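What follows is one structure encoded as structure tokens, with my remarks underneath.
In the numbering used here, the protein residues as written are -7 to 43.
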């Protein structure tokens, strides 16, 4: 999300910060990552995202 924090993502999407945290944690778990950066690297290696 363009390097945005949870609060900024929530505001941009019109959802609660809690919802953002929930979905980020779900993504981290699905790709087996400990951080957002690690999740992006893993997703790129899996061909799920491109930059």
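Note that beta-carbon positions come from the ideal geometry of N, C-alpha and C, so glycine has one too.
Given the structure is predicted, the values throughout are model-derived calculations rather than measurements.
Residue i and residue j: beta carbons closer than 8 angstroms?
i	j	result
residue 25	residue 18	no
Run through DSSP, which three-state label would residue i get?
i	result
residue 2	helix
residue 20	helix
residue 41	coil
May I have the straight-line CA-CA distance separating residue i from residue j, to the nearest angstrom?
i	j	result
residue 35	residue -2	20 angstroms
residue 39	residue -4	23 angstroms
residue 6	residue 42	26 angstroms
residue 14	residue 20	10 angstroms
residue 9	residue -6	16 angstroms
residue 37	residue 22	14 angstroms
What residue from the options has the CA that sits closest to residue i's CA?
i	options	result
residue 28	22, 37 and 16	16
Return the Cβ separation of residue i and residue j in integer angstroms, given the expectation that the two are a contact with Cβ distance under 8 angstroms.
i	j	result
residue 11	residue 0	No, residue 11 and residue 0 are not in contact; Cβ-Cβ is about 14 angstroms, not under 8 angstroms.
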